[in-house]
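Below is one structure, written out as structure tokens; the observations come after it.
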Amino acid sequence: MKAKTSDGASIAISVHGPADGSLVVLSHGWAAGRGVWDSVVPQLVDAGLRVVTYDQRGHGESTEGISPIGIARFAMDLGDVLAAVNASDAVVVGHSGGGFAALCHAITDSSRIAGLVLLATAAHEQNTPKGEVRLMGNPMFSFAIRRGALGRKMISSTVGSDISRDALEAHRSLFAGTSRKVRAACFGCTSGMDLRPGLASVSVPAVLLHGEADTVIKPELGRVVAETLPKADFEEIPRAGHMLPLEAPDRVVRAILELTSR
12 MKAKTSDGAS IAISVHGPAD GSLVVLSHGW AAGRGVWDSV VPQLVDAGLR VVTYDQRGHG
72 ESTEGISPIG IARFAMDLGD VLAAVNASDA VVVGHSGGGF AALCHAITDS SRIAGLVLLA
132 TAAHEQNTPK GEVRLMGNPM FSFAIRRGAL GRKMISSTVG SDISRDALEA HRSLFAGTSR
192 KVRAACFGCT SGMDLRPGLA SVSVPAVLLH GEADTVIKPE LGRVVAETLP KADFEEIPRA
252 GHMLPLEAPD RVVRAILELT SR
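First residue of the sequence shown? That's 12 in my numbering, and the numbers climb one at a time after it.
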């Protein structure tokens with residue numbers, strides 16, 4: 012299934028589970044893809060939910076379109092996905108950059124959203140150093156990240172010590188599979204981002220999960236989001252890093268089920 016955006020991008024969508032199930036839409040982070048949810052989706056479907064996953068523009072099977080990559084554009088893409096699946100009361104789950112998009116969209120238009128589950132995300136202080144942005148686009152970095160053992164070692168600092176080898180390899184593969192141009196654009200587009208002024212207008216319930224050992228987005232930034240949203244709960248997951256869909260899929264599933272049952 013595809014959703015067409017106003018700037019000509021084609022967003023690849025997968026729909027799982029029963030047609031009459033409560034709707035959950037999963038929005039992945041930068042340099043990932045629909046596959047990051049592979050341990051989450053079957054559990055949600057088994058619980059009777061209808062689950063939508065999609066590739067962010069420039070990731071996986073989705074094209075880039077003509078607009079510059081940015082938080083507002085990703086938020087609009089999420090709106091296009093919600094419209095394409097005829098969502099009315101969806102629980103939107105956003106990981107990392109997918110959480111930025113979910114928050115931005117909820118601030119702008121929450122008419123199709125019944126709740127938010129936000130994983131390892133923030134609303135401000137995401138000013139990636141210019142050197143790191145350049146590294147994301149560096150051909151030698153891209154070459155190295157494609158090497159199995161070397162690539163896993165290079166990204167191991169983004170996850171907790173308890174992650175399985177298979178989950179770490181899935182992380183590496185998704186990261187390496189994203190073009191260096193898109194990686195650099197994503198990590199560079201958050202400079203100056205501050206969604207905090209709009210958070211008070213988001214009236215839907217939210218659950219925020221953050222890895223205690225997250226070095227990519229500090230847990231205290233997730234806590235700020237929870238304290239600013241009107242109806243939000245916050246939990247730190249011991250020993251987990253940034254990749255919660257891969258590191259703590261059972262806890263992610265539980266949070267989604269808790270919210271959908273409200």
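Using N, Cα and C, we set each Cβ at its ideal position, and we do this for glycine too.
task = Provide the residue span of the beta strand (DSSP E) that contains leucine 129, from first to last.
result = From DSSP, the beta strand (DSSP E) with leucine 129 extends over 124-130.
request  = Classify phenylalanine 186 as buried or exposed, calling it buried when 16 or more other Cβ atoms lie within 10 Å of its own Cβ.
outcome  = Around the C-beta of phenylalanine 186, 16 or more other C-beta atoms lie within 10 Å, and the residue is accordingly described as buried.
message = On a Cα-Cα basis, can you pick out the residue from Thr16, Met151, Met165 and Arg273 that is closest to alanine 83?
response = Selected option, being the one with the closest Cα: Thr16.
ask   = How would you call glycine 108, buried or exposed, if buried means at least 16 neighbouring beta carbons within 10 angstroms?
value = Taking a 10 Å sphere around the C-beta of glycine 108, we find 16 or more other C-beta atoms and assign the residue as buried.
request  = Can you have a look at aspartate 261 and say buried or exposed, based on whether 16 or more other CB atoms are within 10 angstroms of its CB?
outcome  = Within a 10 Å sphere around the beta-carbon of aspartate 261 sit fewer than 16 other beta-carbons, which makes this residue exposed.
key: Integer Cβ distance of leucine 127 from alanine 251, believed to fall under 8 Å   = Cβ-Cβ separation between leucine 127 and alanine 251: approximately 19 Å, too far for a contact (criterion under 8 Å).
key: DSSP state of aspartate 205 mapped onto helix, strand, coil   = It is a strand residue.
task = Determine contact between the region 190-207 and the region 66-80, defined as no fewer than three beta-carbon pairs at a distance below 8 Å.
result = When Cβ pairs closer than 8 Å are counted between the two stretches, the region 190-207 is seen to touch the region 66-80, the count reaching three or more.
key: Best match in Glu180, Pro140 and Ile166 for proximity to phenylalanine 152 [C-alpha to C-alpha]   = Among Glu180, Pro140 and Ile166, the Cα nearest to that of phenylalanine 152 is on Ile166.
Bridge partner(s) assigned by DSSP for arginine 15 = Strictly speaking, residue 15 in this sequence is lysine, with arginine absent from that position. DSSP output for lysine 15 lists Ser21 as bridge partner(s).
query = Would you call the region 226-245 and the region 207-216 touching, i.e. three or more CB-CB distances under 8 Å?
reply = A contact exists between the region 226-245 and the region 207-216.
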